[in-house]
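**Student:**
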Amino acid sequence: MERLNRPKFVLVAILVAFAASAGFAQDIVEREGYFEVRSASTQQIGGVHTLDARLQLVLSSEALAALNSGVTLTIEMQMQVIRTRRFFFDDVEAELAVRYELQHRPLSQRYIVRNLNSGDQDSFATLYSALNSLGRIQGLPVIDDALLAPDRAYRLRLRAMLNTQQIPAPLRLLFFWRGQWQLQSEWFEWSLER
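Quick note: the sequence shown uses the numbering used here, first residue 58, plus one each step.
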């Protein structure tokens, strides 16, 4: 008699677990993150080329969960100055990386953005406003015009990425296998006006 009831109990337990997990899965909306450079341009001010750019930064569900669990995220803007050559491969003349830390402080319910290059720090009430601020680059010095050859053509390119190198090694190993952590925009290219 006990043997007959046991399979029914196991079947009921499996059905209950499946129903609970199906309801739970509907509650969690998986969000794919993406980074995109929408626009970028430079202008020369006082002999220095400065960058203005607009980026769209959307965190994946996994990155957002990690951020809200206390993991500090590093978002990196990479830029290259490329000399255009007619008969050879183009040459990367200069590279610039600007890194930002994004962290959530649960006690104050604030999002902190810190520029690792300059040390500047801002506090935001919402994640949307923090990411919006990160996506608005204005007047960033890129390269001194005196370092560029006067009779050569140059182009620039910019991309944004989630840099996982700053994350602790055990978490980094886990993230390596998860596609939602591979947040990186395509290169956005434009000609340098001189």
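The beta carbon of each residue, even a glycine, is placed where N, CA and C say it ideally should be. The structure displayed is predicted, hence computed values, not measured ones.
My output table needs one value for ALA182: the three-state DSSP class, helix, strand or coil.
**Tutor:** Mapped onto the sequence shown, residue 182 falls at position 125. Correct three-state label for ALA182: coil.
**Student:** Name the DSSP beta bridge partners of SER248, please?
**Tutor:** Here the question's residue 248 lines up with position 191 in the sequence shown. In the DSSP output, where bridge partners are listed per residue, SER248 has ARG212.
**Student:** What's the call for GLN239, buried or exposed, on a 16-neighbour Cβ count within 10 Å?
**Tutor:** Counting from 1 along the sequence shown, the entry for residue 239 is found at position 182. By the 10 Å Cβ count, GLN239 comes out exposed.
**Student:** Suppose you measure from the CA of ALA110 to the CA of LEU249; what does that come to, to the nearest Å?
**Tutor:** Numbered from its first residue, the sequence shown carries residue 110 at position 53. Numbered from its first residue, the sequence shown carries residue 249 at position 192. For ALA110 and LEU249, the distance between alpha carbons rounds to 14 Å.
**Student:** Smallest Cα separation from LEU184: which of LEU124, LEU173 and GLN135?
**Tutor:** Walking along the sequence shown from the start, residue 184 turns up at place 127. It is LEU124.
**Student:** What's the gap between the Cα of GLY103 and the Cα of ASP201?
**Tutor:** Here residue 103 is taken as the residue at index 46 of the sequence shown, counted from 1. Here residue 201 is taken as the residue at index 144 of the sequence shown, counted from 1. One C-alpha to the other measures close to 9 Å.
**Student:** Under the rule that 16 or more other beta-carbon atoms within 10 Å means buried, what is SER126, buried or exposed?
**Tutor:** Within the sequence shown, residue 126 is the residue found at index 69, counting from 1. The residue is exposed, with fewer than 16 neighbouring Cβ atoms inside 10 Å.
**Student:** Three-state secondary structure (DSSP) at GLU89?
**Tutor:** Taking the first residue of the sequence shown as 1, we reach residue 89 at position 32. Three-state DSSP puts GLU89 in coil, outside helix and strand.
**Student:** Rounded to a whole number of angstroms, what is the C-alpha to C-alpha distance between LEU112 and SER96?
**Tutor:** The residue given as residue 112 occupies position 55 in the sequence shown. The residue given as residue 96 occupies position 39 in the sequence shown. So the alpha carbons of these two residues sit roughly 7 Å apart.
**Student:** Taking 8 Å as the threshold, find out whether the region 198-218 comes into contact with the region 157-169 through three or more Cβ pairs.
**Tutor:** Too few Cβ pairs lie closer than 8 Å, so no.
**Student:** Determine, using beta carbons only, whether GLN195 and MET218 come nearer to each other than 8 Å.
**Tutor:** Position 138 of the sequence shown, counting from 1, holds the residue named residue 195. Position 161 of the sequence shown, counting from 1, holds the residue named residue 218. No; because the gap between Cβ atoms is not below 8 Å, this pair is not in contact.
**Student:** Where does SER117 fall in DSSP's three states?
**Tutor:** As a working note, residue 117 is residue 60 in the sequence shown. Residue state, collapsed to three classes: coil.
**Student:** Give the list of continuous beta strand (DSSP E) stretches no shorter than 3 residues that lie fully inside the region 121-153.
**Tutor:** Fully enclosed beta strand (DSSP E) runs of 3 or longer: 130-141.
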